[in-house]
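Here is the structure we will look at.
Residue numbers (the working numbering), protein chains in the order written: chain A, 1 to 137; chain B, 1001 to 1499.
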């Protein structure tokens, strides 16, 4: 409902035009109207207990840790660089997700970061952020 | 004869060492992700898209196609041995495949699945070769109005055939259309919904959304439940079905192939629906439907044949009409666009070596997969012993690289994470991700073609119903749209009549 209101208001601001001469706001406006209608029907179904197909959440802590890890990763990717951020992310995630042996943890994180770096940056020319290792890479 | 000579050329192109290598990589990766539960073909194709930037388009598409049909082969392994589908198209294979394994017949179940897949994949390709050229010739006549109507039909079909509620599918399509409007307007060049954020000026990249919705969402969902991967201990000898097995299931293989082929051509109708319909049809026509769910070999043969035939035929709308019918072919569409190649009716004329080369590689890929899946089944089973946390972290990191590689921008990595979280919540609410993604891609095409059609007709909206092909396409789209409501009313009336 929020998204449809945003699209309808945004569409009007952008100028709608008419069916024979649609302007930039025409498409988002009508998309918003359709979305609002469908959301309304679904809301009614949900309130009357007729909505089907939802499934419950399982143990949420693992996905939540993955999400937090990825958000922090995005925040530090440019400044720390790909290799260091990836090693830190992999160590934290693997530790939380069940790897206990510190040697296995360190080795797995190093392998994941280095193999992906060599494959994508060196072999496939995807320029990954260098960060604080810029002088050495 | 013309088709045969083109096909011969295609096979020669596919047999060059570099193309053989990429087809092989696609087949191996496809089988691996098919075997590993929780990583489907759309996510994997999205993950490997960055690799295709640096190689030529033909080799890239050969690899991506190999992943798609390879996953259909590999998906049955976990269904049969673990009762866990390796990917969605193999869900129905669990019903009889796992029961066969419990009865000590895992070998014939895996063999039937691989041989059925090979037969269907090969026959599906013959169908593709026969149907694609005339369809492309027909589609050349399409103007902007017809293309716009075709996009509408594609969206309706993709929504109607998506998993779960049609209403939720429609909602996702509408949301996808709106997300597709973010960025510069395709005709007037006006910024829309960018909020002054400069990376949004180019719009939300399709690859970034796909990585989030399929890659990250898949990982998040799989992390919820603790791992239960207890491979059923059974003999994997005698992989070839017995004479009695063949007697019972050869017709199912043919029926599954035909069903899969026709459903695969429809937008939205990929391997999942074809496998379910093939299974339902087998059960209905069987003289002993009570055997189904208790280890009937027809219950393995039909859906596995259907999902492979569908994976071949789903290339028909992509290559001839330029309309991807499902998330995986949408990813291949994007890979072609990155190389400056526009899939559609002119592809066959402008890039015949790509078109026939990819088809040739699919024949070769099918033979490779038969060799990979039957004698090497033990190796694939061992892959299931890799702890999921390593796979989860690797997938998340490759998704991040994939999103970053689009524009070398950390903003895109953040957008991918947001799509991953949204996709996770959507999945829990029963909202399918594929219609959203397809609508994002097709919505931009729809807006542009509608504007162009109106501009050509001097602003007369009747152009969409005055042109016969366009009108017919819109009529079918309208029928698809209202059919769930009609069915609901009919059922209600019948129910009331019975009271």
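Each residue gets a CB set at the ideal place from its N, CA and C atoms; glycine is no exception.
The beta carbon of residue 1140/B lies closer than 8 Å to those of 1345 and 1346 in the same chain, with the five residues before and after it left out. Neighbourhood of residue 1102/B in chain A, by CB distance below 7 Å: empty, with the nearest CB roughly 26 Å away. Beta bridge pairing from DSSP links residue 22/A with 17/A. Nearest neighbour of residue 1108/B by Cα position, chosen from 1426/B, 1239/B, 1334/B and 1479/B, turns out to be 1239/B. Between residue 1195/B and residue 1386/B, the alpha-carbon positions lie close to 44 Å from each other.
Think of a sphere of 8 Å around the beta carbon of residue 1459/B: the chain A residues whose beta carbon falls inside it are 20 and 21, in chain order.
Closer than 8 Å to the CB of residue 106/A there is not a single CB belonging to chain B. At a cut-off of 4 residues, the continuous stretches assigned as alpha helix (DSSP H) that sit fully inside the region 1196 to 1259 of chain B are 1206 to 1210 and 1217 to 1224.
Straight across, the Cα-Cα distance linking residue 26/A with residue 16/A is about 4 Å. Considering only beta carbons, the part of the region 1402 to 1416 of chain B lying closer than 8 Å to chain A consists of 1404, 1405, 1408, 1410, 1413 and 1414, in chain order. Taking C-alpha positions only, residue 1205/B is separated from residue 1182/B by approximately 10 Å. With a beta-carbon spacing of about 18 Å, residue 1343/B and residue 1360/B fall beyond the 8 Å limit used to define contacts. Distance from the Cα of residue 1451/B is smallest, within the candidate group 1092/B, 1035/B, 1145/B and 1016/B, for 1145/B. Under the three-state reduction of DSSP output, residue 1492/B falls in the helix class. Its chain contains 1430 as the residues whose beta carbon lies nearer than 8 Å to that of residue 1165/B, once the 5 sequence neighbours on both sides are disregarded; these appear in chain order. Scanning its chain for C-beta atoms nearer than 8 Å, with the 5 sequence neighbours on each side dropped, one finds around residue 1184/B the residues 1190, 1191, 1192, 1201, 1202 and 1203, in chain order. The secondary-structure analysis by DSSP pairs residue 1191/B across a beta bridge with 1184/B. Restricting attention to 1097/B, 1129/B and 1122/B, the CA atom closest to the CA of residue 1005/B is found in 1129/B.
Under the three-state reduction of DSSP, residue 1339/B is assigned to coil, being neither helix nor strand. In the three-state reduction of the DSSP assignment, residue 1173/B falls in the helix class, which pools H, G and I. Leaving aside the five residues that flank residue 1153/B on each side, the residues in its chain whose CB is nearer than 8 Å to its CB run, in chain order, 1267, 1473, 1474, 1476, 1477 and 1480. Contact of residue 1188/B with chain A by beta-carbon distance below 8 Å involves 23 and 24. Interface criterion met: the Cβ of residue 1390/B is under 8 Å from a Cβ in chain A.
At least one beta carbon of chain A lies nearer than 8 Å to the beta carbon of residue 1185/B. Taking C-alpha positions only, residue 1010/B is separated from residue 1356/B by approximately 4 Å. For residue 1040/B, no alpha helix (DSSP H) encloses it, and the DSSP letter there is neither H nor E.
Here residue 1462/B carries a coil assignment [DSSP, helix/strand/coil].
Between residue 1419/B and residue 1212/B, the beta carbon gap of about 3 Å places them in contact (Cβ cut-off 8 Å). Here the region 1104 to 1119 of chain B does not lie against the region 1130 to 1138 of chain B, with fewer than 3 beta-carbon pairs under 8 Å apart.
The CB of residue 125/A comes closer than 7 Å to the CB of 1054 in chain B, given here in chain order.
Chain-ordered, the chain B residues with CB closer than 7 Å to the CB of residue 7/A read 1178.
Taking CB atoms only, residue 1/A has no neighbour in chain B less than 8 Å away. By the Cβ-count criterion, residue 1016/B is exposed, with fewer than 16 other Cβ atoms from all chains shown falling within 10 Å of its own Cβ. Of the residues 95/A, 91/A, 20/A and 132/A, the one whose Cα lies closest to the Cα of residue 1456/B is 20/A. Residues of chain B whose Cβ lies closer than 7 Å to the Cβ of residue 77/A are, in chain order, 1410 and 1413.
Taking C-beta separations shorter than 6 Å and ignoring five residues to either side along the sequence, the partners of residue 1471/B in its chain run 1465, following chain order.
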